[in-house]
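First residue of the sequence shown? That's 1 in the UniProt record's numbering, and the numbers climb one at a time after it.
Ideal Cβ placement from N, Cα and C applies to all residues, glycine included.
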Amino acid sequence: MESLIKSQHAQKQAGHSGKAPGTEIIPATTGLTMSSDESMMLKLIQQTHSPDAREVQVRGLLSLVEDILDRATLDSDDSNASMLPLPTDDKLMQSSMMSVLDSVSYAIDRVACEIAYKSLTGSDAHEITMSVFEHLSSYHWDGKLVLTLAAFALNYGEFWLLVQFYSKNQLAKSLAMLKLVPVQNRVTLESVSQGLNDLIREMKSVTACVVELSELPGRYITLDDPQLSRIISTIPIAVYWTIRSIVACISQINMITAMGHEMMNTQMDSWETSMLANKLKNIHDHLAETLRLCYRHIEKQRSSESLKMLHSLFDTTHIDNMKILTALIHPKNHTMPLQDGLTKRKVHLDVLRRKTVLLLISDLNILQDELSIFEQIYTESRSSLLGADGKSHMPYEVVWVPIVDPIEDYERSPSLQKKFEALRAPMPCLILYTP
Numbered sequence: 001m002e003s004l005i006k007s008q009h010a011q012k013q014a015g016h017s018g019k020a021p022g023t024e025i026i027p028a029t030t031g032l033t034m035s036s037d038e039s040m041m042l043k044l045i046q047q048t049h050s051p052d053a054r055e056v057q058v059r060g061l062l063s064l065v066e067d068i069l070d071r072a073t074l075d076s077d078d079s080n081a082s083m084l085p086l087p088t089d090d091k092l093m094q095s096s097m098m099s100v101l102d103s104v105s106y107a108i109d110r111v112a113c114e115i116a117y118k119s120l121t122g123s124d125a126h127e128i129t130m131s132v133f134e135h136l137s138s139y140h141w142d143g144k145l146v147l148t149l150a151a152f153a154l155n156y157g158e159f160w161l162l163v164q165f166y167s168k169n170q171l172a173k174s175l176a177m178l179k180l181v182p183v184q185n186r187v188t189l190e191s192v193s194q195g196l197n198d199l200i201r202e203m204k205s206v207t208a209c210v211v212e213l214s215e216l217p218g219r220y221i222t223l224d225d226p227q228l229s230r231i232i233s234t235i236p237i238a239v240y241w242t243i244r245s246i247v248a249c250i251s252q253i254n255m256i257t258a259m260g261h262e263m264m265n266t267q268m269d270s271w272e273t274s275m276l277a278n279k280l281k282n283i284h285d286h287l288a289e290t291l292r293l294c295y296r297h298i299e300k301q302r303s304s305e306s307l308k309m310l311h312s313l314f315d316t317t318h319i320d321n322m323k324i325l326t327a328l329i330h331p332k333n334h335t336m337p338l339q340d341g342l343t344k345r346k347v348h349l350d351v352l353r354r355k356t357v358l359l360l361i362s363d364l365n366i367l368q369d370e371l372s373i374f375e376q377i378y379t380e381s382r383s384s385l386l387g388a389d390g391k392s393h394m395p396y397e398v399v400w401v402p403i404v405d406p407i408e409d410y411e412r413s414p415s416l417q418k419k420f421e422a423l424r425a426p427m428p429c430l431i432l433y434t435p
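Below you can see the structure in the form of structure tokens.
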């Protein structure tokens, strides 16, 4: 399925927009505002952007990069990196990552070398950042960002690996000496690194948002909405400031190694990293709000599609109830979408075949008194229809269909999930396993 950011590039190449009536989904007050300098910068960035058909498996690569940075940050926080769980199947992970890295390892190395060399030769941060955009011109925005973050992880991870094993491994000690890593001044080293940790966290957060935005389905989210189009158009600026922050981090690490054991006052660099961290936090907050609104819009679009399909099904004569029931309570293709209230086991939709089905549809605010009355009536009717084999032969079934709106609020709310579990526990009938 075509993603939002890729469809944006295709629309620009095609040179058309065509807003459909009633499609506006993002309030005019939402999104990033750009200064005049950033507007000019956006034009420069767009001039370097010429993506081709090559794809980057950004999710897999981002997962590996986050693992490296999380462990390096833990170590520099003077915490135990072993607190993070190890992959359950290291061989499987290595095998899958080889296919991910095979096509991008050269680009990662090239960017890492470019940033390191230019920062050591005195190039300014903006010049280095634009150079990265030139090198990665063939990739989409999410690809540019994840590849650059991977280049940083390569640099930062190696740096802290040498610091960590300097006193335990002669090879690490020799390499640290060769790379001028001032490991003997570890207290000062970690103090400097503390200033980078907040910035690194914001870099990861913005990257995750950009990747998530790039994965939004173009079927439901289009650039026909002017406000959404305006917000999406600021993604290059978000990518710019994140890469600029990566450049600042690598430059500071290079400065540490260049100064060796005579580390100087880094107040100016601390101010820069703090400023960049605040900049990225604001960018992340706007992108996160955009994502929330987009997901809500997607849910509404899908609900509208489902409603139209149900209207069509109800207007059609059926010899079997399964098609309608599947559309009503089995839309996500779960193999066993129901729970038997008596046995607490998950069951297939087939248990409702050729039966009259009564749907108890409610939100999670259903009264306990109402549930008690329902439970009593249901239990008595079921008992009256027990056969000689001790099994119920009811010609009908009741299914509780809990409704939560919007669904993303439920998925992110432990309190709503606990409320659902409490309501589900005493239910004697069939229950939709998840709202």
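Taking the C-beta atoms as reference points, Asp-198 is found nearer than 9 Å to Thr-273. For the pair of segments examined, the segment 138–157 was found to touch the segment 99–117: the number of CB pairs separated by less than 8 Å reaches three. Partner residues in the beta bridge of Glu-397, as assigned by DSSP, are Val-357. Leaving aside the five residues that flank Ile-324 on each side, the residues in its chain whose CB is nearer than 6 Å to its CB run, in chain order, Leu-313. Residues Leu-145, Met-203, Val-206, Thr-207, Leu-280 of the same chain have their beta carbon placed closer than 7 Å to that of Thr-242, with the five preceding and five following residues left out of the count. Contiguous beta strand (DSSP E) elements confined to the segment 133–213 do not occur, taking only those with 3 or more residues. Judged by DSSP secondary structure, Gln-417 falls within the alpha helix (DSSP H) whose first and last residues are 414–424. The beta carbon of Gln-57 is closer than 7 Å to those of Val-100 in its chain, skipping five residues each way along the sequence.
Sequence-distant Cβ neighbours of Thr-48 in its own chain, meaning closer than 6 Å and more than five residues away, are Phe-133, Glu-134, Ser-137. Take Leu-196, set aside five residues on each side of it, and the residues of its chain with a beta-carbon closer than 7 Å to its own are Cys-249, Gln-252, Thr-273, in chain order.
Around the beta-carbon of Ala-422, fewer than 16 other beta-carbon atoms lie within 10 Å, marking it exposed.
Distance from the Cα of Thr-222 is smallest, within the candidate group Tyr-295, Thr-356, Ile-108, for Tyr-295. Put simply, the backbone Cα of Met-427 is about 40 Å away from that of Arg-59. Of the residues Gly-122, Met-97, Ala-72, Arg-110, the one whose Cα lies closest to the Cα of Val-163 is Ala-72. For the pair His-348 and Thr-335, the Cα-to-Cα distance works out to about 7 Å. By the criterion of a C-beta distance shorter than 6 Å, Tyr-220 is surrounded in its chain by Ile-298, Gln-301, once the five residues flanking it on both sides are discounted.
In the DSSP assignment, Leu-338 falls within the unbroken beta strand (DSSP E) covering 338–340. Rounded to whole angstroms, the Cβ separation of Met-309 and Ala-327 is 6 Å, and the two are in contact under 8 Å. When only Cα atoms are considered, Ser-233 and Asp-70 end up about 30 Å apart. Going by beta carbons, Met-322 and Leu-352 fall inside the 9 Å limit.
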